[in-house]
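Numbering-wise (this note's numbering), the sequence shown opens with residue 13 and increments by one.
From the three backbone atoms N, C-alpha and C, an ideal C-beta is built for every residue, glycine too.
Just so you know, these numbers come straight off a predicted model, no measurement behind them.
The structure under discussion appears below in the form of structure tokens.
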Amino acid sequence: MDALELTSAANRNRSEIHALEKKSGVELTDCYQCGKCSAGCPVAFAMDKTPRQIIRLLQLGLLEEALASRTIWLCATCQTCVTRCPKEVDLPALMEAVRQAAKKKGIVAEKEINVFNDIFLQNVKAFGKSPEVILSALYNLRSGHLFQDIDSVPHLFLSGKAHVLPEKVKNTDAIKKIFAKCAEGGEHS
Ligand code: SF4
Ligand code: SF4
């Protein structure tokens, strides 16, 4: 690819990619592709694109390829990459922004992770935390894995780690405020 092609590629999807930068607080030009993030990422072995490659795709305007990647769903937000990055690029925030953008367009490369995330957040919104029984039951139902981990249910109840009736945190209003603020689309300043 020569310099002229690179320039025209980088201009593709500019406004959408700029919106992702704004939302995540990441300046894509900060990344000089050293690869330290990907070398330390504990989930990189399962990803179809390394974290470094996700940034490169966005630098080149190849938004569609980033949106279709499994990587944005597999990122565990562990922050290892941020601590290793010489430029402190906030990759997990970028992954989250790209994941939300993909979801808005109906592009979901990892459907089961999406189901799990949705149920987990619905639980937190309703109870202030995610009760294991509801999380597991709804996940098994919606994912179609009806009997997944069914063997561990008696142990969870007997050890007191799971309860039939879900417990709520005391200040559910504070939780609602956090969700309302997120729904406003809070951006990094
Ligand atoms: S460690 Fe930082 S600068 Fe290096 S490739 Fe990853 S994000 Fe880019
Ligand atoms: S935050 Fe995501 S991309 Fe960064 S090291 Fe952890 S799993 Fe990998």
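With contacts defined by Cβ atoms closer than 8 Å, CYS49 and ARG96 form a contacting pair. Shortest gap from the CB of LEU133 to any heavy atom of ligand 1: 7 Å or more.
The stretch 123 to 134 makes no contact with the stretch 51 to 70: fewer than 3 CB pairs, one atom from each, lie closer than 8 Å.
In the three-state reduction of the DSSP assignment, CYS46 falls in the coil class, being assigned neither a helical nor a strand state.
Considered as a whole, the stretch 142 to 166 harbours 144 to 155 as its complete alpha helix (DSSP H) runs of no fewer than 4 residues, in chain order.
The closest CA to that of GLU124, considering only LEU86, LEU79, VAL165, VAL145, is found on LEU86.
When only Cα atoms are considered, PRO104 and THR89 end up about 5 Å apart. In this structure, ILE67 lies away from ILE84, with their beta-carbon atoms at least 8 Å apart.
Excluding five sequence positions before and after ASN23, the CB atoms of its chain that fall closer than 8 Å to its own CB belong to GLY73, given in chain order. With a cutoff of 7 Å, ALA51 does not count as near ligand 2, since its C-beta is closer than that to no heavy atom of the ligand. Annotated three-state conformation of GLY73 is coil, per DSSP.
Between the stretch 146 to 156 and the stretch 179 to 187, the count of Cβ pairs shorter than 8 Å is below three; the stretches do not touch. Annotation: the continuous alpha helix (DSSP H) that includes ARG96 extends over 92 to 96. Only exposed fits ASP161, as fewer than 16 other CB atoms lie within 10 angstroms of its CB. A straight line joining the alpha-carbon of LEU177 with that of ASP102 spans about 38 Å. With respect to the C-alpha of SER36, the residue from ALA174, PHE139, VAL94 having the closest C-alpha is VAL94. In the three-state reduction of the DSSP assignment, ALA186 falls in the helix class, which pools H, G and I.
Residues ILE187, LYS188, PHE191 of the same chain have their beta carbon placed closer than 8 Å to that of LYS137, with the five preceding and five following residues left out of the count.
The C-alpha of PHE169 is placed about 47 Å away from the C-alpha of GLU28.
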